[in-house]
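Below is one structure, written out as structure tokens; comments come after it.
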């Protein structure tokens, strides 16, 4: 069993790590489109085309299941990828995250979604949550500074607190029921975010949600010693610092590949 | 006379605006590679290839002079573009900025260069300054948070001050002679930077340096009513907010094009 995971860059390594922890027996092939990262600010058609190219490459490598680790690619491209790669199963972070939020939202408060500009504009979380939690108030916020803060490994302090407060302060009344981290980089900030948010607020990490869903689907892969291979469309050296911050094991044996 | 200006995205619009102010009679064609922006964190070979593709497109549109407005593209791709497009004149922001810094550095202090990770790694400013100011100490610093701060139009406050201090505080002793803004977005922060820096420090805006150089070359274009056309590789709507912040006039009639 070989699971193909693709992302716009290195952020999806959080999804890879979560799947690896749950399914040690699966072969995992990761594709990061670092030559064109980030997808978050691009137009819908462009993101959909990039997602299809990444998916096709993973299919050509013999993957049995595709995971769209990038929220923006999942928002704009999941349907197109599902159609193009049918009957292969395709798991996107958006639906997995929305399902987790619905399960974790114990109060009647709004659901907050923090994401890139692209994911917010796509309204994909809005549509998914309207199905899992009909009638619930959803409040979205684009947080473009979070990604460079994570990739640079910024220390706690006035800048990090100031950026978090800038994005979140007007979203905390009425008290929200859950907050979805709608970008693969954001889980790295989870503890800092939790410290600035009301106690008891459920924080949804979509990478965990995806891993749980795969865990249920593939009981045979819950043990064993599967292989992990990382591929990037740009020279992995150019992303060395960011890979080191997010997934330290990933630097060894990473390859550069070219999409058709 | 048609000048072709290319950049990784919208930041080069500061260069377009500076040229337009000096040469009202020139036709200006701007190409922003917004489908693949930013170049700043990518590998050398990838940036060089992207720069060649952008340059070729402008040549195909009949441009008589090419301006590489992106510092990273200028750092990694200027030589390749000059060779490929010979005998067309090619002006890159790096050499223009280094020449301006040499002219403005009245003290013996070090020259500071603020830029993207890619431009810093390329050492292009280091090489250029070693020629214009032999033996002078050069200190470079990558400032990845500056671009999203500019594109989001962040207000003055603790975050902006904290980010500037984080990047600059250990570069101010001994007192520098000049500071080069080695990324097209950074001039938008010029006043904030000046307020946190020693008085009298020369701040070099490479877009101004390029415009001055072209002004000297094309006296016939110093008056007249040239046309301006903007093209982007992604949907211009996806960059609407950033274009609005940097070059408000640019939104009208911007086209999406496809590179070969």
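Protein chains in written order, with my numbering: chain A, 1 to 260; chain B, 1001 to 1260.
C-beta: ideal position from N, C-alpha, C; glycine also.
Within chain A, the residues that residue i reaches when beta carbons sit closer than 9 Å
i: residue 1048 of chain B; result: None at all; the shortest Cβ gap to chain A is about 12 Å.
i: residue 1168 of chain B; result: Going along chain A, no residue has its Cβ under 9 Å from residue 1168 of chain B, so there is no contact; the nearest lies around 13 Å.
Delimiting residues of the alpha helix (DSSP H) encompassing residue i
i: residue 193 of chain A; result: 190-195
i: residue 1091 of chain B; result: Segment 1090-1092 is the beta strand (DSSP E) holding residue 1091 of chain B; no alpha helix (DSSP H) there.
i: residue 73 of chain A; result: 71-85
i: residue 1257 of chain B; result: Premise fails: residue 1257 of chain B is in no alpha helix (DSSP H) and is neither H nor E.
i: residue 52 of chain A; result: 44-60
i: residue 1126 of chain B; result: 1124-1132
i: residue 1161 of chain B; result: 1158-1168
i: residue 22 of chain A; result: 13-22
i: residue 148 of chain A; result: 146-151
i: residue 1241 of chain B; result: 1240-1246
Residues of its chain near residue i, where Cβ-Cβ distance is below 6 Å and the 5 sequence neighbours each way are ignored
i: residue 209 of chain A; result: 96, 97, 100
i: residue 133 of chain A; result: 102
i: residue 251 of chain A; result: 243
i: residue 255 of chain A; result: 231
i: residue 228 of chain A; result: 28
Residue i in three-state terms, based on DSSP
i: residue 30 of chain A; result: strand
i: residue 204 of chain A; result: strand
i: residue 1137 of chain B; result: coil
i: residue 209 of chain A; result: helix
i: residue 142 of chain A; result: strand
i: residue 1218 of chain B; result: coil
i: residue 224 of chain A; result: coil
i: residue 1251 of chain B; result: helix
i: residue 10 of chain A; result: coil
i: residue 199 of chain A; result: coil
i: residue 39 of chain A; result: coil
i: residue 25 of chain A; result: coil
i: residue 1174 of chain B; result: coil
i: residue 105 of chain A; result: coil
i: residue 155 of chain A; result: coil
Residue i vs residue j beta-carbon contact at 9 Å
i: residue 1184 of chain B; j: residue 1013 of chain B; result: yes
i: residue 1028 of chain B; j: residue 1054 of chain B; result: no
i: residue 36 of chain A; j: residue 1021 of chain B; result: no
i: residue 246 of chain A; j: residue 188 of chain A; result: yes
i: residue 44 of chain A; j: residue 107 of chain A; result: no
i: residue 3 of chain A; j: residue 60 of chain A; result: no
i: residue 261 of chain A; j: residue 168 of chain A; result: Here chain A covers residues 1 to 260 and nothing more, so residue 261 of chain A does not appear.
i: residue 1144 of chain B; j: residue 1116 of chain B; result: yes
i: residue 80 of chain A; j: residue 52 of chain A; result: yes
i: residue 239 of chain A; j: residue 9 of chain A; result: yes
i: residue 1011 of chain B; j: residue 1050 of chain B; result: no
i: residue 158 of chain A; j: residue 1158 of chain B; result: yes
i: residue 1039 of chain B; j: residue 1073 of chain B; result: yes
i: residue 26 of chain A; j: residue 249 of chain A; result: no
Residue interval of the beta strand (DSSP E) (run including residue i)
i: residue 1231 of chain B; result: 1228-1232
i: residue 7 of chain A; result: 2-7
i: residue 1113 of chain B; result: 1111-1115
i: residue 1178 of chain B; result: 1178-1182
i: residue 66 of chain A; result: 65-68
Chain-ordered neighbours of residue i on chain A, where CB pairs are closer than 8 Å
i: residue 1060 of chain B; result: What residue 1060 of chain B touches in chain A: nothing, since even the nearest Cβ is about 22 Å away.
i: residue 1144 of chain B; result: 148, 151, 152
i: residue 1036 of chain B; result: 35, 36
Beta-carbon proximity list for residue i, same chain, < 8 Å, skipping 5 on both sides
i: residue 111 of chain A; result: 101, 105, 129, 133, 136, 137, 138, 139, 176, 177, 178, 179, 180
i: residue 1015 of chain B; result: 1005, 1007, 1067, 1069, 1093, 1184, 1206, 1207, 1210, 1211
i: residue 1088 of chain B; result: 1059, 1063, 1064, 1065, 1066
Chain-ordered neighbours of residue i on chain A, where CB pairs are closer than 7 Å
i: residue 1156 of chain B; result: Per Cβ cutoff of 7 Å: no residues; residue 1156 of chain B is ~12 Å from chain A at best.
Residues of its chain near residue i, where Cβ-Cβ distance is below 7 Å and the 5 sequence neighbours each way are ignored
i: residue 24 of chain A; result: 223, 224, 225, 226
i: residue 1213 of chain B; result: 1091, 1096
i: residue 171 of chain A; result: 112, 139, 141
i: residue 1192 of chain B; result: 1156, 1160, 1164
i: residue 85 of chain A; result: 55, 59, 66
i: residue 194 of chain A; result: 203
i: residue 186 of chain A; result: 114, 146
Listed by chain order, chain B residues near residue i by CB distance under 9 Å
i: residue 237 of chain A; result: 1043
i: residue 31 of chain A; result: In chain order: nothing, as chain B lies at least about 16 Å away.
Chain-ordered chain B contacts of residue i [CB-CB under 7 Å]
i: residue 234 of chain A; result: 1042, 1043, 1046
Residue i: contacting residues in chain B (beta-carbon distance under 8 Å)
i: residue 162 of chain A; result: 1157, 1158, 1159, 1162
i: residue 53 of chain A; result: Residues of chain B passing the Cβ test: none, with the nearest at roughly 12 Å.
i: residue 240 of chain A; result: The contacting residues do not exist; residue 240 of chain A stays about 10 Å from chain B at best.
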